[in-house]
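Everything on this sheet refers to the single structure shown next.
Residue numbers (the numbering used here): 64 to 351.
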């Protein structure tokens, strides 16, 4: 009968078999045995690894006792499984273990080789070229804004001037705002960076869903208030959900895509070279 096996059970059994496989060898007389379960042995060095000099005697005893019980139970279950499970199922497990081991070895080796060879530097131009060629693949899943804002006490005497500076925002206005910045409870004047609308709500707690239309209105100034003070907000630019993402927003994703592409290419080259070398050195033959 073909049994459906959960991934948790498979991983647990793999781990158990790997652990057991290390103990199914003939007992090493040079190592001190602490526990034996049939042909499996637990050595003193395995127990010593569980505790350190900072562990109290009482805690050490409990840790060791619990570990021994778990270990012994696991070995007994493995032995019982090997006696009682159908051979077809045991073969399935052995194949899984072998495949898992092979994946671990090959993945670790490829990662090590590729890690040494991978050039992780990418020019802005490389990323922009990829972005332009694949622009349709980068759609916004949320609204983005470019805005500037200032948070003030409600009774601030310079509020009208600050409004003017924030709306007009020429070089002189920027300088004046910086001079007055000690009066601000919180502010951001960098309106050249795209930010998620959720971030705006987090930064300006006086905002609510009722302000959404104002936030999504390009070149728009508005004011909100709460018990903590007044917020002056100027929305410089807007991109809504579903529109093409701007390059700056897509850049981190593009970088990951390009680096993964380089990595895949290096792995292909490694596999091709290792096969070619094996054939050349008569380590790999296909018999007709």
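We put the CB at the ideal spot given by N, CA and C, even for glycine.
Of the other Cβ atoms in all chains shown, fewer than 16 fall within 10 Å of the Cβ of residue 350; this residue is therefore exposed. Taking residue 221 as the centre and dropping the five residues before and after it, the same chain places the C-beta of 243, 246 closer than 8 Å to its C-beta, in chain order. Excluding five sequence positions before and after residue 292, the CB atoms of its chain that fall closer than 7 Å to its own CB belong to 214, 215, 216, 217, 248, given in chain order. Relative to residue 204, the option among 335, 332, 303 whose CA is nearest is 303. The beta carbons of residue 322 and residue 254 sit no closer together than 9 Å. Per DSSP, residue 283 is one residue of the beta strand (DSSP E) stretching across 283-289.
Where residue 99 is concerned, the enclosing beta strand (DSSP E) starts and stops at 96-100. In the assembly as shown, residue 168 is an exposed residue. Its beta-carbon has fewer than 16 other beta-carbons within 10 Å. Contact between the stretch 144-163 and the stretch 118-132 is absent: fewer than three C-beta pairs spanning the two stretches fall below 8 Å. The stretch 302-349 is shown to contain whole alpha helix (DSSP H) runs of 4 or more residues at 310-343, in chain order. For residue 209, the uninterrupted beta strand (DSSP E) run begins and ends at 207-215, by DSSP. When the beta-carbon positions are compared, residue 176 and residue 329 come within less than 9 Å of each other. Across the structure, residue 120 and residue 100 are spaced so that their CA atoms are roughly 26 Å apart.
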